[in-house]
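Throughout, the numbering used here is defined as the position within the sequence shown, counted from one, plus 4. Comments concern the structure below.
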Amino acid sequence: MNWRRNRRTSGNQAFIDLLYNKSLWFVVLFILAFVLINPIVRKADIDTKAELLVTIDWPVGNNDVDLWCQDPNNNIVWYSDEDEGFMHLDRDDLGTSNDTVTVGGKRIYVPLNREIVSLRGIIPGEYVCNVHLYKVGDGRINPDSVGQALLNPIEVTMLVQKINPTVTIIFKNKVTLRRLKQEITMVRFTLDVAGDVSAVDTMPPKK
């Protein structure tokens, strides 16, 4: 009897162990499936943080308009110096000449003329943003003829947006560039320590 009882007990124990192992495997497989369905979200390697964006757009064509921005420390960001202080120029748009790329032997054309300056941090004080007509590429005007009137004036739109904590438009306006090498102050504005904007003005700074 004892032998039979021990044998029955051993069989029950083996069954319990088998059931436990199967349950354990089920839990492991469930966890793996959950991880695969919901992959761990990694923080982006590129820091896209910006406090403020200054954007200019102008009509499609081979005309080179440049954006210049100056901060309160007299740092200036432009096509020859794309990083100064907390400011960064993302791209020197030359018009249609650099709007085409070749991928897999095919030319891809993006008809967009735009330059953007991002402000990654706050330096309290006044900022000045100018636009400058560097070159006209339609072949109808000598690129060295400074001040020569354009046959087709170029309209430039500027948009200034505060990004943090929410996107807010603080300035939007248009100007018309009528002469080669013409430079116009489109906006001046003041930022305080908290990044709040005040004293928005379109007049050039006093010298």
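In this text, a Cβ means the ideal position worked out from N, Cα and C, and glycines have one as well. A quick note: this is a predicted structure, and the numbers were derived from the prediction, not measured.
Linking N156 to V69 through their CA atoms gives a straight-line distance of about 14 Å. In this structure, L56 lies away from L116, with their beta-carbon atoms at least 7 Å apart. Around the C-beta of E159, fewer than 16 other C-beta atoms lie within 10 Å, and the residue is accordingly described as exposed. As a beta-bridge residue in DSSP terms, A153 pairs with R183. Judged by their CB atoms, D85 and E119 are not nearer to each other than the 7 Å cut-off.
By the neighbour-count definition (other C-beta atoms within 10 Å, threshold 16), G99 is a buried residue.
The beta carbons of R183 and G141 sit no closer together than 7 Å.
Shown here, T59 sits in a strand according to DSSP, grouped into three states. Remark: C-beta atoms of T172 and D61 do not approach each other more closely than 7 Å. For V201, the uninterrupted beta strand (DSSP E) segment begins and ends at 201-205. For T194 and I174, the gap between their C-alpha atoms comes out near 11 Å. Each of D200, Q186, P76 was checked against the Cα of A153, and the nearest Cα belongs to Q186. Between D200 and I127, the C-beta gap is not smaller than 7 Å, which leaves the two residues out of contact.
Looking at the DSSP output, L116 shares a beta bridge with no other residue.
In this structure, the alpha-carbon of G129 lies about 13 Å from that of G89.
The beta carbons of V121 and M91 sit closer together than 7 Å.
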